[in-house]
Amino acid sequence: MTNNIQQRPVPSVTIALFCYNQESYIEDALNSVLNQDYSPLSIIISDDCSKDNTVKIISTVLKNYQGPHTVVFNQNAQNLGLIKHINYVSSLVDTELLVAAAGDDISLPNRVSKIIHAYCLAPTQPTSIYSSVTKLSPEGVLSDIWEPPIKNIGHSIENCALEGCLIIGAAHAWHKSIYEVFGEITELGAYEDLVIAYRSAILGGLLYIDKPLVNYRTDVGISNLGTQNLNHIEQFTRYQKIMLPVLRQRLLDSEKISDDQTRESIEKKIERKINAIYLEESFINKSAILQLIPQAIKSQNLPLLLKLIRKKFKKLFTKDSKN
1 MTNNIQQRPV
11 PSVTIALFCY
21 NQESYIEDAL
31 NSVLNQDYSP
41 LSIIISDDCS
51 KDNTVKIIST
61 VLKNYQGPHT
71 VVFNQNAQNL
81 GLIKHINYVS
91 SLVDTELLVA
101 AAGDDISLPN
111 RVSKIIHAYC
121 LAPTQPTSIY
131 SSVTKLSPEG
141 VLSDIWEPPI
151 KNIGHSIENC
161 ALEGCLIIGA
171 AHAWHKSIYE
181 VFGEITELGA
191 YEDLVIAYRS
201 AILGGLLYID
211 KPLVNYRTDV
221 GISNLGTQNL
231 NHIEQFTRYQ
241 KIMLPVLRQR
251 LLDSEKISDD
261 QTRESIEKKI
271 ERKINAIYLE
281 ESFINKSAIL
291 QLIPQAIKSQ
301 NLPLLLKLIR
311 KKFKKLFTKD
321 SKN
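Residue numbers (the UniProt record's numbering): 1 to 323.
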């Protein structure tokens, strides 16, 4: 049976549109935010020092806007980058919830309304509210629905600690307590959705809305990270670049896990995963295997090293047999 009893008061809410060099899509993205059917709603449009016509287009749209929402347009004097931009805008928000939107995506008109409704009905305090999305091509053609990986992974700290895919950041909203408890994200190479979702797992506040609330632009910007044409080394290098700062941030955030036994277990798992990435990096860079064995034993990654060695010799054997 669906719970239709309101569990908590209606929260104050801000939707923040993060923009950077998105002149081809920014007008549709901005209008989708301005046309939200929820009120009262605060809106922050924040541009991270775009070099194209993004700011000009935003200024033109806002000049003609006469709707009910309170709108603030922030323009960064210099490019902050993803994480510093997220941190800064979060510091500007004085409401309980921040709904994040990207300058190349389209939020459905009822996105904020659905988030508020789900928040108020949730049996426990939500700290991350997220949904599925509908994929949108660069040309504006809608295709299939993309459900967040965490739907199958589960919300436990143990299940989230090592994962490289959790929620879909383009369809994410978070509670102010995320920053109050954990502070700013300090690993500047991380992705905020991978960090904040893990923080919410620690707080037990992940909440899924099982319907697409965003048309998510694929193959542009951050979403253009496909690995299908990369070889193994290129895939590993990309994975390493994404996951090392995420894992380092998760290791720091794990200090907030209240249960000592769980905290110690999770920290060991994350440390082992970080060491495994460094071990594979050393192996790829052709460090002497005998020098890697003590490193693998100390970090409890000897099975990984043996797997890498077997794979290498199998590849060499296959290559020799063909010749």
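Every residue gets a Cβ at the ideal spot worked out from N, C-alpha and C, and that includes glycine.
- ALA288 and ILE309 have their alpha carbons spaced roughly 11 Å apart.
- PRO40 is the residue among TYR179, ASN152, ILE297 and PRO40 whose C-alpha sits nearest the C-alpha of ILE116.
- Contact between ILE106 and ASP28 holds: CB atoms are separated by about 6 Å, below the 8 Å threshold.
- Inside the stretch 94-170, DSSP marks whole alpha helix (DSSP H) runs of 4 or more residues at positions 111-121, 150-153 and 157-160, from first to last along the chain.
- For GLN75, the enclosing beta strand (DSSP E) stretches over residues 70-75.
- Between CYS165 and PRO149 the beta-carbon gap is near 4 Å, inside 8 Å, which marks them as a contact.
- Rounded to whole angstroms, the separation of the alpha carbons of GLN78 and LYS211 is 37 Å.
- Around the beta carbon of VAL141, fewer than 16 other beta carbons sit within 10 angstroms, so the residue counts as exposed.
- Distance check between GLN240 and each of LYS268, ASN275 and LEU251 places ASN275 closest, using alpha-carbon atoms only.
- Note that the C-beta distance between PRO245 and GLY189 is below 8 Å.
- Judged by DSSP secondary structure, ALA16 falls within the beta strand (DSSP E) whose first and last residues are 13-19.
- At a Cβ-Cβ threshold of 8 Å, TYR65 and VAL112 do not count as neighbours.
- With contacts defined by Cβ atoms closer than 8 Å, THR54 and ASN21 form a contacting pair.
- Distances from the alpha-carbon of PRO9 to those of GLU147, LEU98, ALA118 and SER91 put ALA118 closest.
- Sequence-distant Cβ neighbours of GLU281 in its own chain, meaning closer than 7 Å and more than five residues away, are GLN240.
- Apart from sequence neighbours up to five positions away, the residues of its chain that approach CYS120 with a beta-carbon distance below 7 Å are GLN6, GLN7, ARG8 and VAL10, ordered along the chain.
- Between ILE43 and SER128, the beta carbon gap of about 21 Å keeps them out of contact (Cβ cut-off 8 Å).
- If only complete runs of 3 or more residues are kept, the stretch 37-66 shows the beta strand (DSSP E) at 42-47, in order along the chain.
- Separation of ARG199 and SER254 (C-alpha to C-alpha, rounded to the nearest whole angstrom) is 8 Å.
- Taking the CA atoms as reference points, THR60 sits about 17 Å from PHE18.
- With respect to the 8 Å criterion, ALA102 and ALA16 are not classified as neighbours on the basis of their beta carbons.
- By the Cβ-count criterion, VAL72 is exposed, with fewer than 16 other Cβ atoms from all chains shown falling within 10 Å of its own Cβ.
- Annotation: GLN300 to LYS269 spans about 10 Å, alpha carbon to alpha carbon.
- The Cβ atoms of ALA173 and LEU98 lie closer than 8 Å to each other.
- When beta bridges are read from the DSSP output, LEU207 appears opposite ILE129.
- By the neighbour-count criterion, in which a residue is buried when 16 or more other Cβ atoms sit within 10 angstroms of its Cβ, GLY169 is buried.
- In this structure LEU279 is in contact with GLN295, their Cβ atoms being roughly 6 Å apart against a cut-off of 8 Å.
- Each residue's CA atom was taken as its position, placing ILE233 and ILE284 some 7 Å apart.
- In the DSSP assignment, ALA296 falls outside any beta strand (DSSP E) and lies within the alpha helix (DSSP H) extending over 289-298.
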